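Notes follow the structure.
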Amino acid sequence: MADRALLREILDAQLEMVCRYRADGTILFVNRAYSRSLGLEPDDLTGKSLWEFVTGEDHLHVKSELDRLTPEHPEVTIENRFEKASGTRWILWNNHALEFDEHGKWLVGQSTGIDITERKQLEEQLELLVGELNHRVKNTLMVVQAMAFQTFRGANEVSGPVRTFNQRLSAVSGAHDALSRANWTGTLMAEIVRHGILICADGDLRVSVSGPDVVMPANATVSLVMVLHELATNAMKYGALSDNKGQVAIDWSLNATGDVVSITWRESGGPVVRAPTRKGFGFRLINEAVPRQLSGKVDLTYDPDGLCCRIALPLTGGMQ
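Per the UniProt record's numbering: the sequence shown = residues 1 to 320.
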């Protein structure tokens, strides 16, 4: 009895909520933190159903997550709303199956929970702020595009500087769209490449893309999309995509430690390549954005058989 009393004292001293229950939700034991959150005593909850305190809208989600418990994977983390005496709160539960039947179905589980309501509220506020930011960025880009249209009104708007400007603006807009879908947490490299080469005909068989799933930091997305856009523009004007024979291969890979991604843009089969005599915007963007904004390295080689651009970028730290 002394050991049981000591164990109870230890559990009741825990700030985290602790609940042991059967698979049907019948409560076998709760500590004082759990019962206090409901304005009850621990013994008052024995035999009750924990589903009385899980917000109804979350029942299906919680049950489906608990169904994932197996002897091989006996733990699962769940976030759900919980009806405390003080009102609805968000709780992060670490759930552990303790007993299984002969078929591997769990019989008894135990959950330890902490209140994460403030964190969820901050996440909601952040989502609203990101949504507002996305809205303002799109509006700003539309204003810039309208200004460009009015400024160059009367000029040939389907070719020359106006078209180049609008294509660059579209690339920036595409980069922001990619960031928006990921709530500015980072963007898959494949998505970055897709937006960077949108200037090329969609589905062009002359362009091949390959590489593993790599999430690039959010602050690298816009610059990298613009670098790829400039490479694509150059390929269409002077390089491998300026005729029907050339090809472009874009691939990327991670180093052994997984903290540096290497991107290769390789052209072949097009006109003979010659180094430019004048360094335009695209050249400056590629050679300045990569080291200054992305803390990476760039190697641009004007091989007569096809331009090759190799870029190495860190995935953590260093990016501006």
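Ideal placement from N, C-alpha and C gives every residue a C-beta, glycine not left out.
Keep in mind the model is a prediction, meaning the values are calculated, not measured.
Go to residue i, then tell me how far its beta strand (DSSP E) extends in each direction, as first and last residue.
| i | result |
| --- | --- |
| Arg310 | 306 to 314 |
| Phe281 | Per DSSP, Phe281 belongs to no beta strand (DSSP E); it is in the alpha helix (DSSP H), 281 to 293. |
| Tyr302 | 297 to 303 |
Is it true that the CB of residue j sits closer than 8 Å to the CB of residue i?
| i | j | result |
| --- | --- | --- |
| Val227 | Val172 | no |
| Val18 | Leu7 | no |
| Leu315 | Val260 | yes |
| Glu65 | Val54 | no |
| Glu102 | Val108 | no |
| Ile263 | Val209 | no |
| Ala178 | His195 | yes |
| Ile199 | Met147 | no |
| Arg284 | Tyr302 | no |
| Asp213 | Leu254 | no |
| Ile286 | Ala232 | no |
| Arg32 | Asp58 | no |
| Ala190 | Gly174 | no |
| Arg292 | Asp299 | no |
Looking at the unbroken alpha helix (DSSP H) that takes in residue i, where does it start and where does it end?
| i | result |
| --- | --- |
| Leu60 | 59 to 66 |
| residue 321 | The displayed coordinates of the chain run from 1 to 320. Any statement about residue 321 would go beyond what the structure contains. |
| Ile192 | 189 to 196 |
What residues in its chain sit with their C-beta under 7 Å from that of residue i, if we drop five residues either side in the sequence?
| i | result |
| --- | --- |
| Val144 | Leu169 |
| Ser37 | Met17, Lys84, Ala85 |
| Ala13 | none |
| Pro276 | Phe283 |
| Thr70 | Gly104 |
| Arg206 | Leu241, Gly246, Gln247, Val248 |
| Leu50 | Cys19, Tyr21, Gly25, Ile27 |
Apart from the five residues on each side of it in sequence, which residues of its chain come closer than 6 Å, Cβ to Cβ, to residue i?
| i | result |
| --- | --- |
| Lys245 | Gly269 |
| Leu45 | Ile27, Val30, Ser35 |
| Gly318 | The predicted model places Gly318 with a pLDDT of 49, which falls under 50 and marks its position as unreliable, so this point remains unresolved. |
| Ile116 | Trp90, Leu92 |
| Gly239 | Glu267, Gly270, Leu307 |
| Thr112 | Glu16, Val18, Asn94 |
Look up residue i in the DSSP assignment and say whether it is helix, strand or coil.
| i | result |
| --- | --- |
| Val158 | Per-residue confidence for Val158 stands at a pLDDT of 49, beneath the threshold of 50, marking its modelled position as unreliable; the derived number appears in the next sentence. In the structure shown, Val158 sits in coil (DSSP, three-state: anything other than H, G, I, E or B). |
| Tyr34 | helix |
| Glu83 | strand |
| Thr277 | coil |
| Glu75 | strand |
| Glu102 | coil |
| Met1 | Note that Met1 has pLDDT 46, beneath the 50 cutoff, so the model's placement of it is unreliable and the number below is only indicative. Of the three classes helix, strand and coil, the one that applies to Met1 here is coil, per DSSP. |
| Thr55 | coil |
| Val215 | strand |
| Thr221 | helix |
| Val143 | helix |
| Val272 | coil |
| Leu179 | helix |
| Leu107 | strand |
| Gly131 | helix |
| Thr233 | helix |
| Glu41 | coil |
| Thr185 | coil |
| Asp12 | helix |
| Thr164 | helix |
| Leu205 | coil |
| Leu6 | helix |
| Leu69 | coil |
Can you pull the DSSP bridge partners for residue i?
| i | result |
| --- | --- |
| Thr26 | Ser49 |
| Gly113 | Met17, Trp93 |
| residue 321 | Residue 321 lies beyond the range of the chain shown here (1 to 320); nothing can be said about it. |
| Val260 | Pro314 |
| Ser210 | Asp251 |
| Val227 | Paired residue(s): none; Val227 is not in a bridge. |
| Thr88 | Glu83 |
| Val172 | Note: Val172 sits in no beta bridge, so no partner. |
To which residues of the same chain is residue i closer than 8 Å at the C-beta, ignoring the five residues directly before and after it?
| i | result |
| --- | --- |
| Glu9 | none |
| Lys48 | Thr26, Ile27 |
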